[in-house]
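Residue numbers (our numbering): 440 to 756.
Cβ coordinates follow ideal geometry from the N, Cα and C atoms, glycine included.
These figures come from a predicted structure and were not determined experimentally.
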Ligand SMILES: NC(=O)c1ccc[n+]([C@@H]2O[C@H](COP(=O)([O-])OP(=O)(O)OC[C@H]3O[C@@H](n4cnc5c(N)ncnc54)[C@H](OP(=O)(O)O)[C@@H]3O)[C@@H](O)[C@H]2O)c1
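Right, here's the structure in full:
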């Protein structure tokens, strides 16, 4: 499909294709699942909270009664949960794509540490997804699939600390968010370089949703209920913001457009809003030295090496 013909409201038929989305119960993740389900895909909705996940599933079925949905418990801040979820998915037939979406967008005021001993925001947004994508690589390779990482414009606007990714010394909520998104994006681009070098038939793509606000998002019972205050604030920011439904457009295009390729960066046409299009990532996220450093950090922090990248034979099912 030619790029300018892409209609985010009318995706290609995805019947017979299988996708996993993290953070499916709210925000972009919910709308990504809805859009995939509308196109006929089998969607594995995952989330850390079973009740919120079940409400989100019901909300999709209310709009798409024949949606092909499955639910999966997955807390990206917990490496045990990530491994258990990946084991459940891995044992089945191939996976066409994973949307590494879950994230803390409003980090805690003071530094918190996960059960695995890592700073909470980078663990949730980056490390859990690194471990998940690696564990799902065999299933993705079996379907010539792709993985999409959620980047952010914040990586273009704010500095980050290359030496102290977990902000042991100088934590602020916003710095923690930027650290996590530089790490996520750099891992996404580094994964593409490593997968290509090892001839693994899986594409790694980075996408961002611009500036997508709950206050600009429609009400959906059990999933999205923006308060009057949120709506007011959303209204004030209308020229530079969009709904989370539209925010899902670029990640979804990266996930399902047959023309999308590994190493690309997709986002809204007007940076914060608009139709999904190819964008220009911030230089720090594509810097191979930063990518290698982040990869080394993620390997050690998660005690996980991705299969196939070190000469292990790739066996496609
Ligand atoms: N919205 C934007 O403008 C924007 C801009 C740039 C990048 N992004 C990125 O886009 C992604 C989604 O953002 P959003 O705006 O949709 O945020 P959101 O509305 O706050 O939704 C975040 C989702 O992530 C889930 N989540 C949080 N911690 C989790 C964990 N430990 N395990 C599993 N799921 C977890 C949440 O589940 P719970 O309900 O259980 O918390 C929720 O489903 C994030 O990666 C964010 O960094 C967003």
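Taking the Cβ atom as the reference point for each residue, do residue i and residue j lie within a distance shorter than 9 Å?
| i | j | result |
| --- | --- | --- |
| residue 579 | residue 533 | yes |
| residue 664 | residue 658 | yes |
| residue 650 | residue 681 | yes |
| residue 519 | residue 631 | no |
| residue 480 | residue 496 | no |
| residue 566 | residue 615 | no |
| residue 748 | residue 633 | yes |
| residue 539 | residue 510 | no |
| residue 612 | residue 707 | no |
| residue 577 | residue 729 | no |
| residue 486 | residue 525 | no |
| residue 482 | residue 507 | yes |
| residue 527 | residue 542 | no |
| residue 717 | residue 475 | no |
| residue 720 | residue 645 | yes |
| residue 590 | residue 704 | yes |
| residue 737 | residue 569 | yes |
Mapping DSSP to helix, strand and coil, what is residue i?
| i | result |
| --- | --- |
| residue 647 | coil |
| residue 483 | strand |
| residue 642 | strand |
| residue 520 | helix |
| residue 587 | strand |
| residue 670 | helix |
| residue 534 | coil |
| residue 512 | strand |
May I have the straight-line CA-CA distance separating residue i from residue j, to the nearest angstrom?
| i | j | result |
| --- | --- | --- |
| residue 459 | residue 537 | 5 Å |
| residue 714 | residue 661 | 27 Å |
| residue 603 | residue 453 | 42 Å |
| residue 699 | residue 552 | 36 Å |
| residue 593 | residue 477 | 31 Å |
| residue 517 | residue 554 | 7 Å |
| residue 756 | residue 671 | A caution first: residue 756 carries a pLDDT of 44, below 50, which makes its placement in the model unreliable, though a value can still be read off. Rounded to the nearest angstrom, the two C-alpha atoms are 52 Å apart. |
| residue 636 | residue 467 | 32 Å |
| residue 446 | residue 608 | 46 Å |
| residue 606 | residue 741 | 17 Å |
| residue 500 | residue 472 | 11 Å |
| residue 724 | residue 733 | 10 Å |
| residue 692 | residue 710 | 15 Å |
| residue 498 | residue 735 | 40 Å |
| residue 696 | residue 582 | 15 Å |
| residue 465 | residue 669 | 16 Å |
| residue 639 | residue 745 | 11 Å |
| residue 726 | residue 448 | 34 Å |
| residue 712 | residue 544 | 18 Å |
| residue 470 | residue 652 | 13 Å |
Return yes when at least one heavy atom of ligand 3 lies under 8 Å from the C-beta of residue i, else no.
| i | result |
| --- | --- |
| residue 535 | What this structure holds is ligand 1, not ligand 3. |
Mind listing, in chain order, the continuous alpha helix (DSSP H) runs of no fewer than 4 residues lying wholly within the segment 673 to 739?
Counting whole runs of 4 or more residues, the segment 673 to 739 contains the alpha helix (DSSP H) stretches 683 to 686, 688 to 695 and 722 to 725.
Three or more C-beta pairs under 8 Å: does that hold for the segment 586 to 593 against the segment 623 to 633?
Flag = yes, the segment 586 to 593 and the segment 623 to 633 touch.
Cβ pair count under 8 Å reaching 3, the segment 688 to 695 against the segment 566 to 576:
In the pairwise beta carbon analysis, the segment 688 to 695 is classified as not touching the segment 566 to 576: fewer than three pairs are separated by under 8 Å.
Identify every run of the beta strand (DSSP E) within the segment 457 to 510, keeping only runs that are complete inside it and at least 3 residues long; order them along the chain.
Here the runs fully enclosed are 457 to 460 and 481 to 486.
What runs of the alpha helix (DSSP H), each 4 residues or longer, lie entirely inside the segment 539 to 626?
Positions of the alpha helix (DSSP H) runs, each at least 4 residues long and wholly inside the segment 539 to 626, are given as 567 to 581 and 593 to 596 in order along the chain.
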